[in-house]
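Number of protein chains: 2
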Amino acid sequence: MPWLSRSSTNEVINRICDKIWLAVVQRTLRPGARLKEEELTEIFATTRARVRQALLILEQDGLVTITPNRGACIAEPSVEDAQDAFCARIAIEQRLVARLCQTASAEDIRLLREHIDQERRAHERSDHEAVIRLSGEFHMLLAKLSGAELLLRILRMLTIRTSLITAMYQTAATQTCGPDEHDRILAAIEARDALSASHEMAHHLHHLETALRLSDAPTPVSGLREALAAVVPKRSPSSS
Amino acid sequence: MPWLSRSSTNEVINRICDKIWLAVVQRTLRPGARLKEEELTEIFATTRARVRQALLILEQDGLVTITPNRGACIAEPSVEDAQDAFCARIAIEQRLVARLCQTASAEDIRLLREHIDQERRAHERSDHEAVIRLSGEFHMLLAKLSGAELLLRILRMLTIRTSLITAMYQTAATQTCGPDEHDRILAAIEARDALSASHEMAHHLHHLETALRLSDAPTPVSGLREALAAVVPKRSPSSS
DNA sequence: AGCGCTCCGATTGTCGACAAATACGCTGAC
DNA sequence: GTCAGCGTATTTGTCGACAATCGGAGCGCT
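What follows is the structure, given as structure tokens:
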């Protein structure tokens, strides 16, 4: 578990945070899903206070939204949030890769290449779940290798938003951006070509964003979620 | 109180967060200062649970550090953290002002001008406390006017770091960067000159950073803090 | 039958007390 | 006189129970 949100001092709380975050990335938990405290309490075999702390942390990260007397749900970022997140990601990750061009060690590059290989393997066996997860982790790995604790934290907040958005406005095309672009970014880093690296990164993120924007107007999936839940509430109309 | 950290649902908790943040900005609370829970409890006339929540939020923001069984202190960011924070601020705030060049309304510009006027007045009457506070608030105001909730949050995390660092490595020169640079940024925004605006912003932040870097090597003030506290513990040597 | 009201179940929010851990001061021995 | 060991006292961490609030079902009224 090369995982990333050791925000709290407590091990249990970190496990809760990581698990939920992982479930969201793997599309097991959809945006808008309810997170009942008691439920989580018995799932993780802990107390409600711990769960509560974990939820507070996740709210700070933007993964869940807590509404006063109604509990926690997986967040549903607005389109504006997504645009802001992409904007900030472009700004930050450009700097990030440019910096890595100067600081990256051979070991760093090896790790990145290994990661991309994993991505490629997952892609080849059509393991969409792993593809999505690994694709996000690549960017986190970049931040991690930069050694900047702060950038890692910020990038986590940003990737959380973009992951949620892709989960909400998911089109078939969204998850097909293979590891090629990551590969080109790595190549630029390896060549110590900062300009090219930041350019590739900008291109990559812009690509991701526009792939989403396609489905922006037509199908805000989650916008219909509540409505659909009310209309087709799992009850066959023949019975009553 | 045009304040910024309404992270929590609870009013009391927000007040605690704001007050502490304000105290840090005004140099009333120095980095490394101990924050005892019980103490805060009676100061804010609340319960320890509230205080605890507030401290957790502040830890997420990077304003305090909580060490497992030893409580909370005002954070003391490392020099690397500071550099990262400035790096990220430059990346983000450049985008920010460029964006404001397109979206800023007349009302926005009026607010910014008013703020700068406040800065100037504070500067003229040598109210250093207000100068520091307002100088930081200017950047937060920019983020606020951009309308991007997310950018505001990130920028808060970043300005917290830079504020802490300036409090730690403070030289006389640090706080003298008058409102002129802010003024030039505003002028560029008003002229809808995105390139110039982002350039001015980069220059401004770079200026701030180098002003600090001067004292980087020579006097890590807070490094001596504990030592000094142990050596000169407010007790006159004549008494005992 | 449609609509509004009330009551009830479920869920969250809050608090106080207890347990654990650490820092400090004291005593005693070398 | 100094240092090690121990006990206490302060501070944080945790938990369980209670109170407040919200959503929904049921019921009565129009």
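Chain order of the listed sequences is R and U. The working numbering puts the first residue of the first sequence at 1, with every later residue one more than the last. The working numbering puts the first residue of the second sequence at 1001, with every later residue one more than the last. Using N, Cα and C, we set each Cβ at its ideal position, and we do this for glycine too. All of these numbers come straight from a predicted model, not from anything done at the bench.
- With fewer than 16 other Cβ atoms inside 10 Å of its own Cβ, Asn69(R) counts as exposed.
- Going by beta carbons, Ala1023(U) and Cys87(R) fall outside the 9 Å limit.
- From the listed residues Ser1163(U), Ala1188(U) and Asn1014(U), the smallest Cα separation to Ser1078(U) is found for Ser1163(U).
- Only those residues of the segment 132 to 159 of chain R whose C-beta falls short of 9 Å from the nearest C-beta of chain U are listed: Ser146, Gly147, Ala148, Glu149, Leu150, Leu151, Arg153, Ile154, Met157 and Leu158.
- Looking at the DSSP output, Val64(R) sits in a beta bridge with Ile74(R).
- For Thr1009(U), the chain R residues whose Cβ falls inside 7 Å of its Cβ are Ile66 and Pro68, in order along the chain.
- Counting C-beta pairs with one atom in each stretch, the segment 1024 to 1033 of chain U and the segment 1045 to 1055 of chain U have fewer than three that are closer than 8 Å, which means they do not touch.
- The beta carbon of Gln1102(U) sits no closer than 9 Å to any beta carbon of chain R.
- Within chain R, the residues placing a beta-carbon under 8 Å from that of Asp1084(U) are Ala148, Glu149, Leu150 and Leu151, ordered along the chain.
- Sequence-distant Cβ neighbours of Leu158(R) in its own chain, meaning closer than 7 Å and more than five residues away, are Ala85, Ala88 and Arg89.
- Rounded to whole angstroms, the separation of the alpha carbons of Leu145(R) and Pro179(R) is 19 Å.
- Rounded to whole angstroms, the Cβ separation of Ile74(R) and Ala33(R) is 5 Å, and the two are in contact under 8 Å.
- Each of Glu1039(U), Ala1098(U) and Asp1018(U) was checked against the Cα of Ser1196(U), and the nearest Cα belongs to Ala1098(U).
- Where Lys1144(U) is concerned, the enclosing alpha helix (DSSP H) starts and stops at His1128 to Ser1146.
- Just measuring C-alpha positions, the residue of Leu1142(U), Thr1065(U), Glu1181(U) and Thr1009(U) sitting nearest Ser1105(U) is Leu1142(U).
- A Cβ-Cβ separation of about 7 Å places Val1131(U) in contact with Glu1119(U) under the 8 Å criterion.
- Chain-ordered, the chain R residues with CB closer than 8 Å to the CB of Ile1092(U) read Ala88, Ala91 and Ile92.
- If you draw a straight line from the Cα of Glu190(R) to the Cα of Asp108(R), it comes to about 10 Å.
- Excluding its 5 nearest sequence neighbours in each direction, Thr1103(U) has C-beta neighbours in its own chain below 8 Å: Ser1146 and Gly1147, listed in chain order.
- Gln1094(U) is not a Cβ neighbour of Ala1187(U), given a cutoff of 9 Å.
- A Cβ of chain R is located within less than 9 Å of the beta carbon of Gly1062(U).
- For Leu1111(U), no CB of chain R lies under 9 Å from its own CB, so it is not counted at the interface with that chain.
- The beta-carbon of Arg1125(U) is placed no less than 9 Å from the nearest beta-carbon of chain R.
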